């Protein structure tokens, strides 16, 4: 392949690849943000339940587990940064 052909091939490939990669990364980051929002909402609900004396034992146990898991996840994410 001569230099002009290589330039054309690279231009065409990048014209196709860059938008596809952009869409895939946008979808992935959107999913990550959505999951983080769900996790935070569950943590908030669980933490609120722990402050309520009238919560049944099974719900209280779920709340303890959820709060503990959220804290572990946050610590793990902080170590990865």
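Numbering (our numbering), first residue to last: 219 to 299.
Yeah, the Cβ is synthetic: ideal placement off N, Cα and C, and Gly gets one too.
Nothing here was measured: the structure is a model prediction, and the numbers come from that model.
Between the stretch 260–274 and the stretch 283–295, the count of Cβ pairs shorter than 8 Å is three or higher; the stretches touch. Counting the other Cβ atoms within 10 Å of the Cβ of residue 281 gives 16 or more, which makes it buried. When the five nearest sequence neighbours on each side are left out, the beta carbons in the same chain lying within less than 6 Å of the beta carbon of residue 268 are those of 281, in order along the chain.
Straight across, the Cα-Cα distance linking residue 242 with residue 259 is about 26 Å. Judged by DSSP secondary structure, residue 276 falls within the alpha helix (DSSP H) whose first and last residues are 275–298. Shown here, residue 257 sits in a helix according to DSSP, grouped into three states.
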